[in-house]
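Engineer:
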Amino acid sequence: MKESDKVIRWIKDYFEANGKGCKAVVGISGGTDSSVVAALLVKALGKENVIGIMMPNGVQHDIDVSLALVKYLDIPHYTINIASSVNAMKEEIEKVTGIDTSDKPIYYTNTPARIRMSVLYGVSALIGGRVANTCNLSEDYVGYSTKFGDAAGDFSPISSFTKTEVRGLGRELGLPKEFVEKIPEDGMSGLSDEEKLGFTYAELDRYIRTGKIDDLAKKEKIERLHKANLHKILPMPRYEKGQ
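Listed below in structure tokens is the structure:
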């Protein structure tokens, strides 16, 4: 049995146990991960039971790829621009706290991601859905995600697959090359993921699976990022009464 067939079966089992009769809600960014997750959901649940949500923050330069994907999969979809919400939150926070957010790049990276997840859960609440997480193992390993943003969700079909392996799933599913091989980027910085991280996904994926890497400086950076960002994927620490 192909790996993609096993994931499809897992999704079916999840919905049977945790959301029978529910629809899957998935954010469509135009990247490989959301494209592969959406395709897996269509195979598992049927195209009428998968809702794709595109969430540009103002103008999204590659939204044509997202539109092409939902057209290819023939799934119901909505475009919900989050720019007004992002700006309103920024203005209210600055007004109340007096803090200038213009020199706080982490605010501009994380806030849109968290608003997007709020949108997905908002739509899910209205239609009776379950939100798909679209993170992969490579991103999770080095913390390349936003806590309570794209790192959230109700179920996670591809989080045990590296970026390289996710592309393999896409090819198994017969997705066109434009969706499987798209250069990963955050859509905000103007840089690719690999440019921002300082190493390639091929290097990271090889290290995750084999422990081997040729550049020791990159190894140290990967391990530093992994250790610093474990809090994003581990359960929330909690105090146990009487401990």
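In my numbering, the protein residues as written are 32 to 274.
Cβ coordinates follow ideal geometry from the N, Cα and C atoms, glycine included.
All figures in this text were calculated on a predicted structure; none of them were measured in a lab.
1. If contacts are defined as beta-carbon pairs under 8 Å, then H108 and M86 qualify, I think. What distance do you get, rounded to the angstrom?
2. Which runs of the beta strand (DSSP E), 3 residues or longer, sit entirely within the stretch 101-148?
3. According to DSSP, is G153 helix, strand or coil?
4. Below 7 Å CB to CB, which residues in the same chain sit around R202 once its five sequence neighbours on both sides are set aside?
5. What do you get for P207, buried or exposed, if any count of 16 or more other CB atoms within 10 angstroms of its CB means buried?
6. Please give the ranges of any alpha helix (DSSP H) in the stretch 45-93, keeping only runs that are unbroken, at least 4 residues long and fully inside the region.
7. Since Y172 and H257 should fall inside the 8 Å C-beta cutoff, what is the C-beta to C-beta distance between them, to a whole number of angstroms?
8. Within 10 angstroms of the Cβ of G229, are there 16 or more other Cβ atoms? Answer buried if so, exposed if not.
9. Please check the pair G89 and A48, which I expect to be a contact at CB under 8 Å, by giving their CB distance rounded to whole angstroms.
10. For K121, I'd like the list of residues in its chain whose CB is within less than 7 Å of its CB, leaving aside the five on either flank, ordered along the chain.
Structural biologist: Quick look at the numbers:
1. Actually they are not in contact, since the Cβ atoms of H108 and M86 sit about 11 Å apart, beyond 8 Å.
2. 108-110
3. helix
4. V211
5. exposed
6. 63-76
7. 6 Å
8. exposed
9. Not confirmed; about 39 Å, so no contact.
10. T132
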